[in-house]
Amino acid sequence: MATAPFPPTGIKAQADAHQTEADLGLPPGLGQTAQELIAAYGLHTRPVGPVDLAPLLEGVEVRVVALPARIEGFALDMGDKLIVTLSESLAPARRRFVLAHEVGHLVLAHSTSLSLCGKGRWLHNRQEKEATALAAFLLLPAEAVAAGLFHPARGSRVEELAALYHVPAEIVLVRRALYAQFGL
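Using our numbering, you'd call the opening residue of the sequence shown number 7 and step up by one each time.
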C-alpha cells in the first residue's frame, strides 16, 4: 500500500481510510497520548477559540529571544529543568504552533538533551512529524475540525479555523488529515 503524504499536499487531500498511524510515519498510540494530555490538562474545555496551553506549560520555562533566522525554536531537557525557547521574530499564530511543537518533543522524550527545530523543517524526520502531529492534536479540538472544515456556501474554512484558533493554516491541514485518519 502506498504511503500518503504527511501533511496532505493540498486543500482537497483525503486520507486513505485503511492507513494506520505507522503508515503516516507516526508511532502507534500518538493519538491516544494526545487525548490523555488533553484530558489531564483540560485543554479543550472552551467551546471555541484558541486552546489555552498554560496548564500544560507548568514546570516549563518558556523564553522568547532573538534566534538566527533559520531557527524557530528549540526544547531543552536538563533533567531537573525543561526549557522551550522561541524566536521573537515569529508571528503570534506561528509562535503558538512552535511552542506546542517543542512541548511535543519534551512530552515524547525525543532527545536526551536538545531538540532544535529549523524553519521549514517541521516534517523532515520521524521526530519532527511526531511533534508536529502532537501539536496539531493539542491546538485544534476534534470537534472544531469535524464541524468546521467545509461550509457548503463558502467552501473550505481552513483559513477561518486557523484565524479562530490562532494557528498557521498548514497546521489545520495536518489536523484535518489526523482527524480524517483516526477520528481523533
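Positions of the beta carbon are idealized from the N, C-alpha and C atoms, including for glycine.
Q: For residue 92, name the three-state secondary structure that DSSP assigns.
A: strand
Q: Can you give me the Cβ contacts of residue 172 inside the same chain, cut-off strictly under 7 Å, excluding the 5 residues immediately before and after it?
A: 56, 98, 99 and 102
Q.
Distance check for residue 68 and residue 39, CA to CA, integer angstroms please.
A. 22 Å
Q: Go through its chain and collect everything with a Cβ distance to residue 114's Cβ below 6 Å, but skip five positions before and after it.
A: 136
Q.
On the DSSP letters alone, give me the boundaries of the beta strand (DSSP E) that residue 79 sits inside.
A. 77-83
Q) At which residues does the alpha helix (DSSP H) containing residue 180 begin and terminate? A) 175-188
**Q.** Cut-off 6 Å between Cβ atoms - residues of its own chain near residue 73, not counting five sequence neighbours on either side
**A.** 93
Q. Does DSSP put residue 133 in a helix, in a strand, or in coil?
A. helix
Q. To the nearest angstrom, how far is it from the Cα of residue 46 to the Cα of residue 164?
A. 28 Å
Q: Grab the span of the beta strand (DSSP E) containing residue 113 for me, first residue to last.
A: Not the beta strand (DSSP E): residue 113 falls in the alpha helix (DSSP H), residues 98-113.
Q) What residues in its chain sit with their C-beta under 7 Å from that of residue 79, if we drop five residues either side in the sequence? A) 90, 91, 92, 93, 104, 108 and 123
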